[in-house]
Amino acid sequence: MTDNDVAVVRPKQRSSGAPPGPAASAPSMRPERVRGRARRSIRSRERWAALSFLSPWLIGLLAITIGPMIASFYLSFTDYSLGYGEWVGGENYARMLDDPRLANAIKVTAVYTFVSVPLQLAAALLLAIVLDRGLRGMAFYRSIFYLPSLLGGSVAIAIMWRQVFGTEGLVNQVLAIFGIQGEGWVSHPDYALGTLIILHVWTFGSPMIIFLAGLRQIPTMYYEAAKIDGAGVMQRFVSVTLPLLTPIIFFNLVLQIINSFQSFTQAFIISSGKGGPADSTMFLTLYLYDQGFTQFDMGYASAIAWLLLAIIAIFTALNFLMSKFWVFYGDND
Amino acid sequence: MKSSNPSGVSRRTLAKAGIFGAASAPLLAACGNDGGGGADKGDGELDFWWWGSDPRHEYTQKIVDAFLAKNDGITIKPSPNEFDAYWDALNVSVSGGNAPDVLQQDERYLRDYADKNALLALDDIGIDLSNVDEAAIKAGQLDGETYGIATGLNSLCLMVNPVLLEASGVAMPDDKTWTWADFQQFIVDITNGGDAIGNSGISFNNESLFNVFARQKGESLYTPEGKLGFSDATMNEWWQMVVDLRDAGAIPEPSKIVEAYAAGQDQAPLATGTGVTEFYWTNQVGAIQKVLGGELVLLRIPGESAGAQPGMYLKSAMFWSIARSTSDQAAAAKLVDFLLNDDASIDLMLGDRGLPSNTAQRDRVLPMLPPDQALAADFIAALTPDLVEGPPVPPVGAGGVADVMLGLYETLLFDSTSVEETTAGFIEQTNAAIGS
Amino acid sequence: MTETPTPAPSKPRAKQSPATLGVKRFVFHLVLIGAAMVMIYPLLWMLSASLKPIDEIFADPGLIPSTWEWGNYADGWNALPHPFEKYIWNSMIIVAGSILGNLVSCSMAAYAFARLRFPMRGMLFAIMLGTIMLPIHVVIIPQYILFNNLGWVDTFWPLIVPKLLATDAFFIFLMVQFIRGLPKELDEAASIDGCGYWGTYLRVIMPLCMPALATTAIFTFIWTWNDFYSQLIYLRDIDLQTVPLALRLFMDSTGTTNWGALFAMSIVALGPIFGFFLAGQRYLVRGIATTGIK
Numbered sequence: 019m020t021d022n023d024v025a026v027v028r029p030k031q032r033s034s035g036a037p038p039g040p041a042a043s044a045p046s047m048r049p050e051r052v053r054g055r056a057r058r059s060i061r062s063r064e065r066w067a068a069l070s071f072l073s074p075w076l077i078g079l080l081a082i083t084i085g086p087m088i089a090s091f092y093l094s095f096t097d098y099s100l101g102y103g104e105w106v107g108g109e110n111y112a113r114m115l116d117d118p119r120l121a122n123a124i125k126v127t128a129v130y131t132f133v134s135v136p137l138q139l140a141a142a143l144l145l146a147i148v149l150d151r152g153l154r155g156m157a158f159y160r161s162i163f164y165l166p167s168l169l170g171g172s173v174a175i176a177i178m179w180r181q182v183f184g185t186e187g188l189v190n191q192v193l194a195i196f197g198i199q200g201e202g203w204v205s206h207p208d209y210a211l212g213t214l215i216i217l218h219v220w221t222f223g224s225p226m227i228i229f230l231a232g233l234r235q236i237p238t239m240y241y242e243a244a245k246i247d248g249a250g251v252m253q254r255f256v257s258v259t260l261p262l263l264t265p266i267i268f269f270n271l272v273l274q275i276i277n278s279f280q281s282f283t284q285a286f287i288i289s290s291g292k293g294g295p296a297d298s299t300m301f302l303t304l305y306l307y308d309q310g311f312t313q314f315d316m317g318y319a320s321a322i323a324w325l326l327l328a329i330i331a332i333f334t335a336l337n338f339l340m341s342k343f344w345v346f347y348g349d350n351d
Numbered sequence: 014m015k016s017s018n019p020s021g022v023s024r025r026t027l028a029k030a031g032i033f034g035a036a037s038a039p040l041l042a043a044c045g046n047d048g049g050g051g052a053d054k055g056d057g058e059l060d061f062w063w064w065g066s067d068p069r070h071e072y073t074q075k076i077v078d079a080f081l082a083k084n085d086g087i088t089i090k091p092s093p094n095e096f097d098a099y100w101d102a103l104n105v106s107v108s109g110g111n112a113p114d115v116l117q118q119d120e121r122y123l124r125d126y127a128d129k130n131a132l133l134a135l136d137d138i139g140i141d142l143s144n145v146d147e148a149a150i151k152a153g154q155l156d157g158e159t160y161g162i163a164t165g166l167n168s169l170c171l172m173v174n175p176v177l178l179e180a181s182g183v184a185m186p187d188d189k190t191w192t193w194a195d196f197q198q199f200i201v202d203i204t205n206g207g208d209a210i211g212n213s214g215i216s217f218n219n220e221s222l223f224n225v226f227a228r229q230k231g232e233s234l235y236t237p238e239g240k241l242g243f244s245d246a247t248m249n250e251w252w253q254m255v256v257d258l259r260d261a262g263a264i265p266e267p268s269k270i271v272e273a274y275a276a277g278q279d280q281a282p283l284a285t286g287t288g289v290t291e292f293y294w295t296n297q298v299g300a301i302q303k304v305l306g307g308e309l310v311l312l313r314i315p316g317e318s319a320g321a322q323p324g325m326y327l328k329s330a331m332f333w334s335i336a337r338s339t340s341d342q343a344a345a346a347k348l349v350d351f352l353l354n355d356d357a358s359i360d361l362m363l364g365d366r367g368l369p370s371n372t373a374q375r376d377r378v379l380p381m382l383p384p385d386q387a388l389a390a391d392f393i394a395a396l397t398p399d400l401v402e403g404p405p406v407p408p409v410g411a412g413g414v415a416d417v418m419l420g421l422y423e424t425l426l427f428d429s430t431s432v433e434e435t436t437a438g439f440i441e442q443t444n445a446a447i448g449s
Numbered sequence: 010m011t012e013t014p015t016p017a018p019s020k021p022r023a024k025q026s027p028a029t030l031g032v033k034r035f036v037f038h039l040v041l042i043g044a045a046m047v048m049i050y051p052l053l054w055m056l057s058a059s060l061k062p063i064d065e066i067f068a069d070p071g072l073i074p075s076t077w078e079w080g081n082y083a084d085g086w087n088a089l090p091h092p093f094e095k096y097i098w099n100s101m102i103i104v105a106g107s108i109l110g111n112l113v114s115c116s117m118a119a120y121a122f123a124r125l126r127f128p129m130r131g132m133l134f135a136i137m138l139g140t141i142m143l144p145i146h147v148v149i150i151p152q153y154i155l156f157n158n159l160g161w162v163d164t165f166w167p168l169i170v171p172k173l174l175a176t177d178a179f180f181i182f183l184m185v186q187f188i189r190g191l192p193k194e195l196d197e198a199a200s201i202d203g204c205g206y207w208g209t210y211l212r213v214i215m216p217l218c219m220p221a222l223a224t225t226a227i228f229t230f231i232w233t234w235n236d237f238y239s240q241l242i243y244l245r246d247i248d249l250q251t252v253p254l255a256l257r258l259f260m261d262s263t264g265t266t267n268w269g270a271l272f273a274m275s276i277v278a279l280g281p282i283f284g285f286f287l288a289g290q291r292y293l294v295r296g297i298a299t300t301g302i303k
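Residue numbers (my numbering), protein chains in the order written: chain A, 19 to 351; chain B, 14 to 449; chain C, 10 to 303.
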């Protein structure tokens, strides 16, 4: 797709087509253009303003986040357990290299993330676009589609899910109509992760709502302009909706990847936190939890947490690097 | 807010200093616990934690009220929880130097907490142990000191649905003489004889049941020194039995077993009326009967008279423990004494925390027990004369062994490993967990 | 929005007869209703389980109970040490504090990141994102020690103060993304009109951010309402326990679980979030309609 496909104006180039009003400010009045001392004082005023806006966050960052993070980093070099710990150097990290259950947990987490996130976002975007059409009853559908996300990781969902995908569950009853003999989906090592992926996709409510909010922010005039130029629905989607939605897609993508790396309650649903059957749903977080809270090995658990953090950080950084090629912001930064 | 350990002040100062406080505090907590337990005159404020479900929460609250009515100057902050959540919360609060004063403990975790100096020795702090069952006291002892006092006793048993058994045309066995081979045949016959499955196969990963099996051969799961105490051959025999039952189609297909195990006792075949037998602890019979809507019969574990010695033992349903860091040792001791020995407490508790470990109280309340608890009590009463000394307290790290055994059992069921590999895997992973 | 009611391209639309249009719309709704059934099934299941006698919940997979056990609701409401409204009230206090905290603190930080230039902005932004990635299970013990030393265990503070300090970086990120999507010319116009940074934030950015604020409020409500772990750790006293904690009190994995009461109260617990979601959703739509960006 190129910018010239249709005569749709992106905000960056909008000055020619934008209606008059507050948005059309004269470039010469921009702060950057002010010279000398005045400019310096504006800069310093801006810095102080930034500090005041950021101060609650900075305090929280230092006291509630960074402090405990440093502590946990320190713990990862100890054999800390129930209030006691001694320095063991890099032993916990060395141990990771020779831990087949950890390797398995990384694999399980990766498969889960890279399958479920794209599927979930696709479902969320599709439903958001359908629901954004302003048809009758849309508020109703929107609420219904959001319902699974409201339920959270509740006990009832766990029980229901096991029953639906169980050996004699709803899924197999439906398959039986077509003469297919189903498996015990939640309890078979080859399929259990698959049902968790479905569960993840099924709770597409949150990204859907964010997509909806994003869609509502797209100015109608762009669509009108595109329509005047004779663009069809698909064309309008590709050249108006999609590019203007990229920040939201990006936002959802980053968040869902982080979320699914941290998935925890989902696995509790199938295995009550044991990672079964046969470690096939043993997420990294679950393994971390098992080591720290069931085996009381908080030192090793801290080391695993830092490994998890490193993995997530790498993927998020990659995401941001790649975003330069496809994400489009309305501001001039 | 009470300051529950002597170094609290310095840690608080550090915490106020900002991030370094948060960073260094966890390790200072280690120093904090050492000097605990010496307070002569406490503040009379007790945090009291237990796990259970709503009937237990309700009557325990009443016990607390009865205790407070008799003890002026003591206040109690009760905190009920669900079992899994309880251990998460306890781990964090002990690690954070803010342990509850009086708490329920479990066999699997007792040594973990006692070893980290989190628990107080209960021998000479004014708790009357004169009526408490000798075996029950031993079950909570480590290196000669008592860190937990059994609330009550349970035993493993084979629960049988008599209606379904009759429908399958198989006779009730004589559980005093039957062997594991008889058991296998029994299960195969039931499965072949009716619609319901003979055994739901969700207990062969239970390390306590395997312990009974090992003890019958004169071995044991753990030695008193905290090592593994069974031979490869014994465990191979155990897994072979599972494989034979599976191959005979006498237990459900693997995925159904995994499903039933994860779902918990209320959704397992015995409770839903699709399975005829399963091994459970005696105190679970009431809950299962309720969901089933019918009566069950309790049988002894097979092989009791055929081996070197009887393997069954009375397990403490749970323990009462006191935190070493308690702010009022005397008040905490009073509460535990009340829970164990007072009529008002046992009248409310009855058999809910196991058959009372206080033998005088046990005899007193036996006629008052509701039918399901009486069923368990009669079973235990008949069994007790035939038992030998129980197993030692499990070693540190034993809490993780249940998961190890479950994982290996599931893999074996799906035929991904051999019997020998499963045994080798268990020994290797368990040794890693218990650090030997 | 001036959209065609069918997915057909606009040009061929003129050739379609009203009948075809009607059929298409019918099929469209049919598909949506089918999808809705899949989404709503768990709720129906839960509702049905909450009205079943205990020996039927797991043994009978059907949705219609043989007898209607309305008693499960009365039982669940009163079976715990406190009547259930006490737990709802405790949850509400935490939710209200969390929403207020997140709305104020996160929007302030987001405005700074999206619009102001200051030293180390890129680095701080990266750190902020980094904190989203932090797995809770490992900072939990150091955090617990911190709050314990402040004397805050068994109070609502450990649950509310972090929100007042914008530790939910997710919402900062959400609002940064929204604010960055607003035309920057608006700020400049406000600046010309004599608004300072606070004036711009309060009078220009915040009103335009209504959708993001509503989203923040809705998500904060849902997540706080369902949050189990931190409430478990900080609220030990029976008098302070919340809805997610109370629901677990019906359970005992090795003993008697009061399933009927558990499901009944799960349905009750769903009421407030669903209600808030419905109300918030309407507000979200209206909020967008009244902003200047159409």
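Every residue gets a Cβ at the ideal spot worked out from N, C-alpha and C, and that includes glycine.
Within chain C, no residue has its CB atom less than 8 Å from the CB of residue 225 of chain B, the nearest being about 18 Å off. Counting of Cβ neighbours within 10 angstroms places residue 444 of chain B among the exposed residues, the total staying below 16. For the region 80–102 of chain B, residues whose beta-carbon sits nearer than 8 Å to a beta-carbon of chain C comprise 90, 91, 92, 93, 94, 95, 96, 97, 98, 101, 102.
Interface annotation for the region 57–86 of chain A against chain B: 80, 81, 82, 84, 85, 86, criterion Cβ-Cβ distance under 9 Å. Neighbours of residue 162 of chain C in chain B, taken as residues at a C-beta separation under 9 Å, are given in chain order as 14, 106, 109, 111. By DSSP's assignment, residue 288 of chain B forms a beta bridge with B/210. When 9 Å is used as the limit between beta carbons, residue 313 of chain A is near no residue of chain C, the shortest such separation being about 13 Å. Nothing from the region 123–142 of chain B brings a Cβ to less than 8 Å from some Cβ of chain C.
Close to residue 382 of chain B, with beta-carbon spacing below 9 Å, lies no residue of chain C; the smallest spacing is near 15 Å. If you draw a straight line from the Cα of residue 295 of chain A to the Cα of residue 272 of chain B, it comes to about 9 Å. The region 330–339 of chain B makes contact with the region 124–138 of chain B: 3 or more CB pairs, one atom from each, lie closer than 8 Å. In the displayed model, residue 226 of chain B falls within a helix according to three-state DSSP.
In the three-state reduction of the DSSP assignment, residue 165 of chain B falls in the strand class, which pools E and B. Spanning the alpha carbons of residue 144 of chain C and residue 78 of chain A requires a straight line of approximately 17 Å. Annotation: Cβ neighbours of residue 273 of chain A in chain C (cutoff 8 Å, chain order): 141, 179, 182. Here residue 275 of chain A is not near residue 311 of chain A, since their CB atoms are 9 Å or more apart. In the three-state scheme derived from DSSP, where H, G and I count as helix and E and B as strand, residue 427 of chain B is classed as coil. Residues of the region 199–211 of chain A with a C-beta atom less than 7 Å from some C-beta of chain B are 201, 202, 204, 205, 206, 207, listed in chain order. Residues of the same chain with a CB within less than 7 Å of the CB of residue 379 of chain B, apart from the 5 flanking positions on each side, are 390 in chain order. Only those residues of the region 115–141 of chain A whose C-beta falls short of 8 Å from the nearest C-beta of chain B would be listed, and there are none. In its chain, beyond the 5 residues on either side, 409 have a beta carbon closer than 7 Å to the beta carbon of residue 128 of chain B. At a beta-carbon threshold of 9 Å, the residues of chain C lying near residue 178 of chain A are 50, 51, 54, 55, 58, ordered along the chain. The C-alpha of residue 240 of chain C is placed about 32 Å away from the C-alpha of residue 232 of chain A. Using a C-beta cut-off of 8 Å, the region 25–33 of chain C makes no contact with the region 143–151 of chain A, since fewer than three inter-stretch Cβ pairs fall below that distance.
Interface flag for residue 195 of chain A against chain C is unset, since no Cβ pair is found closer than 9 Å. Residue B/225 holds the alpha-carbon nearest to the alpha-carbon of residue 318 of chain B among B/64, B/297, B/225, B/353. Residue environment for residue 189 of chain B: exposed (fewer than 16 other C-beta atoms within 10 angstroms of its C-beta).
Counting the other Cβ atoms within 10 Å of the Cβ of residue 300 of chain A gives 16 or more, which makes it buried. At least one C-beta of chain A is nearer than 9 Å to the C-beta of residue 224 of chain C. Closest by C-alpha distance to residue 327 of chain A, out of C/121, C/61, C/139, is C/139. Excluding sequence positions up to five before and after residue 231 of chain C, its CB lies within less than 6 Å of the CB of 282, all in the same chain and listed in chain order. The count of Cβ pairs closer than 8 Å, one atom from the region 250–269 of chain B and one from the region 405–425 of chain B, reaches three, so the stretches are in contact.
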